[in-house]
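Residue numbers (the numbering used here), protein chains in the order written: chain A, 41 to 302; chain B, 3 to 270.
Ideal Cβ placement from N, Cα and C applies to all residues, glycine included.
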Amino acid sequence: MLNAIAGKLRGIGHRIIDRLWRLGAAVRFFGYTLIYSGESFRRLHLTIREIYFTGVMSLVIILVSAFFVGMVLALQGYNTLQKYGSSEAIGVLVALSLVRELGPVVTALLFAGRAGTAITAEIGLMKTTEQLSAMEMMAVSPIARVVAPRFWAGVISMPLLAALFSMVGILGGYLVAVPLIGVDHGAFWSQMQANVDFQADIVNGVIKSAVFGVACTMIALFEGFDAPPTAEGVSRATTRTVVNSSLAVLGLDFVLTSFMIS
Amino acid sequence: MSDNIVEIDNLSFGYKGRLLHKGINMSFPRGKVVAIMGGSGSGKTTLLRLIGGQLKPTHGKVLVDGKVVHEQDRHGLYLLRRKMGMLFQFGALFTDLSVYENVAFPIREHTDLPETIIRDLVMMKLNAVGLRGARNLMPTELSGGMARRVALARAVALDPEIVMYDEPFTGLDPISMSVTCNLIKKLNDALGATSIVVTHDVKEAFAIADYVYIVANGVVEAEGTPDGLRQSTEPFVHQFVHGDVDGPVPFHYSAPDYRKDMLRGHDA
């Protein structure tokens, strides 16, 4: 009985220590990525290529989702606002929801699913097929050549994607609110203009998406780099990328929002 | 300048509490082809990784060109690696780059040569492995043998002093095997490099090697010239060289008594 309890406790202890080790390894990995960023900036074409793969290739899913999210927001918002006789405020509601929260958060979640998994699988497979080892043996740092360009591509792409998400979302909301429901065109835009603050809403939204960009890209890169070099290892790493990125985004969103509101 | 470009001195290496190498000594003279042989799982590839500084020894040291590999900082290690070329078991070509770009990769990374000279160098290397015509193909369009030849061209792109081959003959058809075998010998002579060939293919290794080490149970069990080993009467060497089923190396992995194991039923 005592042995069984001791065994269980040992198991829990091992798991906690393993997690801490991984966290430490991830922080070191992040540090190395920053240190080697200089080398990757010298080869800017690599970062630009990755911006295409992570940013541009994610555009379709991001923009289509944004359009629908905007339309749903307008429908739901109007439904509630009209009960209080303030349906003209629909523009503000859609814009603030998107710029402050949904833009950065949903973009980050979609980014983790679309680009994050691609990064993890690609790097995991590069490791499995010894491409990273080959690079090391050619005296080329895989962190400078492979990791850092993808990191900066993710960090640059995310705020841009989030901004586009908010813009297209507002357009979707407008199409539902004005032509479909019949909210006054002027009221929709003027209320939005009067109540959306550049510093408190837009800049804070950009800060959020930049932080999410760092978190999502770093998680995807680390999981790929740390994946056991087997088919199962890469598949698990890809799953972990989505799970960990989503949790990190939602957790960080709460922390950032609480700082921004206080 | 020492006659040996690589020396392994009393090297031990352990992994997860298990000692894979127990005091190995080897030397690799300049300009020679040296084969490291041994059964699967005997730690041959690990030896290459220790020479390349991708792993650190538990005890002992590896010297490359007189420098202790594991004592080098990153810069020093990368300088040593510039003298090495390594052919990985399955080529390890960069799948997002064409054959041409794969071979050009180390040249682009380490030199500022103009594009015309890079093109000439890449063409020369690809011609040496007979794949100049395949320069525009992607790695996924190559057969296993071709991929390995491209990887070989990439490994020697910067004319290294040491070329390491990790199981270069595994999974090749007889023609590709002979082609690879001849290439290793030809490139070694042309570059004046030292070749370290890790393999378990006795025929091919003995055909090209000047000296052979046979590794088993974490130690160098036998060493000598191919002719010397072929004529050896030592039971292990005889079994290994001639591929006998019976001998000092058991067929079965360590297991309990067969009869008892079978009668035990499902609780095993």
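Go ahead and label residue i buried or exposed: buried means 16 or more other beta carbons lie within 10 angstroms of its beta carbon, across all protein chains shown.
i: B/S145; result: exposed
i: A/V246; result: buried
i: B/Y167; result: buried
i: A/Q171; result: buried
i: A/E176; result: buried
i: A/T270; result: exposed
i: B/S256; result: exposed
i: B/H72; result: exposed
i: B/L49; result: buried
i: B/E117; result: exposed
i: B/A270; result: Per-residue confidence for B/A270 stands at a pLDDT of 49, beneath the threshold of 50, marking its modelled position as unreliable; no derived number is given.
i: A/E162; result: buried
i: B/K262; result: exposed
i: A/F228; result: buried
i: B/H23; result: buried
i: B/A192; result: exposed
i: B/R20; result: exposed
i: A/G125; result: exposed
i: A/A46; result: exposed
i: A/I57; result: exposed
Suppose the cutoff is 8 Å on Cβ atoms and the five residues either side in sequence are ignored; what does the same chain contact list for residue i look like?
i: A/S98; result: L150, F151, R154, A155, S197 and L201
i: A/V236; result: V132, A135, L136, V139 and I242
i: B/D98; result: none
For residue i, which option in the options has the closest C-alpha, if you only look at C-alpha atoms?
i: B/L231; options: B/L185, B/N6, B/L65 and B/Y215; result: B/Y215
i: B/P170; options: B/M140, B/E163 and B/S197; result: B/S197
i: A/I130; options: A/I57, A/S230 and A/L165; result: A/S230
i: B/M88; options: B/N12, B/V105 and B/E73; result: B/V105
i: B/F242; options: B/R76, B/Q56 and B/S42; result: B/S42
i: B/S14; options: B/F30, B/A37, B/G45 and B/C183; result: B/G45
i: A/P268; options: A/M178, A/G164, A/V223 and A/I242; result: A/G164
i: B/L160; options: B/M126, B/A136 and B/K187; result: B/M126
i: A/R7; options: A/M300, A/F81 and A/L42; result: Residue 7 of chain A lies beyond the range of chain A shown here (41 to 302); nothing can be said about it.
i: A/A255; options: A/D237, A/L142, A/L292 and A/R59; result: A/L292
i: B/L133; options: B/H112, B/G55 and B/R156; result: B/R156
i: A/A114; options: A/L290, A/T169, A/R276 and A/L220; result: A/L220
i: A/V223; options: A/I88, A/M41, A/N119 and A/V145; result: A/N119
i: A/R89; options: A/A193, A/S206, A/H225 and A/I301; result: A/A193
i: B/L81; options: B/H61, B/H112 and B/K18; result: B/H112
i: A/T94; options: A/K48, A/T160, A/S127 and A/T297; result: A/T160
i: B/V217; options: B/G25, B/V181 and B/Y17; result: B/G25
i: A/L296; options: A/R280, A/A250, A/V274 and A/W61; result: A/A250
i: B/T47; options: B/G220, B/V239, B/M264 and B/E236; result: B/G220
i: A/G226; options: A/M207, A/L290, A/A174 and A/S127; result: A/S127
i: B/G78; options: A/A179, A/F238 and A/S298; result: A/A179
i: A/G78; options: A/M300, A/S181 and A/P199; result: A/S181
i: A/M232; options: A/N244, A/R62 and A/Y214; result: A/Y214
i: B/G93; options: A/T169, A/L103, A/S105 and A/V96; result: A/T169
i: B/I109; options: B/A130, B/R84 and B/V131; result: B/R84
i: B/A212; options: B/T227, B/D122 and B/G245; result: Note that residue 212 of chain B is Asp in the sequence shown here, rather than Ala. Nearest of B/T227, B/D122 and B/G245 to B/D212, Cα basis: B/T227.
i: B/D203; options: B/C183, B/L57, B/K188 and B/S100; result: B/C183
So, for residue i: in the same chain, excluding its five sequence neighbours on each side, which residues have a beta-carbon less than 6 Å away from its beta-carbon?
i: A/L21; result: Since the first residue shown for chain A is 41 and the last is 302, residue 21 of chain A is missing from the structure and cannot be characterised.
i: A/G212; result: F107, G110 and M111
i: B/K63; result: D11 and V70
i: A/I101; result: L150 and R154
i: A/T13; result: What is shown of chain A runs 41 to 302, which leaves residue 13 of chain A out entirely.
i: B/E225; result: Y215
i: A/V283; result: none
i: B/H61; result: S14
Could you tell me how far apart the beta carbons of residue i and residue j are, in whole angstroms, since I believe they sit closer than 8 Å?
i: B/M28; j: B/V222; result: 7 Å
i: A/A135; j: A/I210; result: 6 Å
i: B/R51; j: B/Y102; result: So it is not a contact: roughly 28 Å between Cβ atoms.
i: B/L65; j: B/V8; result: 7 Å
i: B/I210; j: B/V35; result: 5 Å
i: A/F265; j: A/V195; result: Actually they do not touch by this definition, with Cβ atoms about 17 Å apart.
i: A/F205; j: A/G143; result: 5 Å
i: B/G135; j: B/S178; result: About 17 Å; that fails the 8 Å criterion.
i: A/T281; j: A/T157; result: 6 Å
i: B/Q74; j: B/G55; result: 7 Å
i: A/N244; j: A/M300; result: 5 Å
In its own chain, which residues sit with a C-beta less than 7 Å from the C-beta of residue i, not counting the 5 before and 5 after it?
i: B/F90; result: A153 and D168
i: B/H95; result: Here residue 95 of chain B turns out to be Leu, not His, going by the sequence shown. Cβ neighbours of B/L95 beyond the five flanking positions: N104, P141, A149, V152 and A153.
i: A/S286; result: L149 and A152
i: A/I183; result: Y72, T73 and Y76
Note down, in chain order, every chain E residue with its Cβ under 8 Å from the Cβ of residue i.
i: A/A161; result: Here chain E cannot be found, since the structure's protein chains are A and B.
Is it a yes or a no for the region 252-263 of chain A touching the region 60-75 of chain A, going by three-plus beta-carbon pairs under 8 Å?
-> yes
Counting Cβ pairs, one atom from each stretch, are 3 or more of them under 8 Å apart for the region 157-165 of chain B and the region 182-198 of chain B?
-> yes
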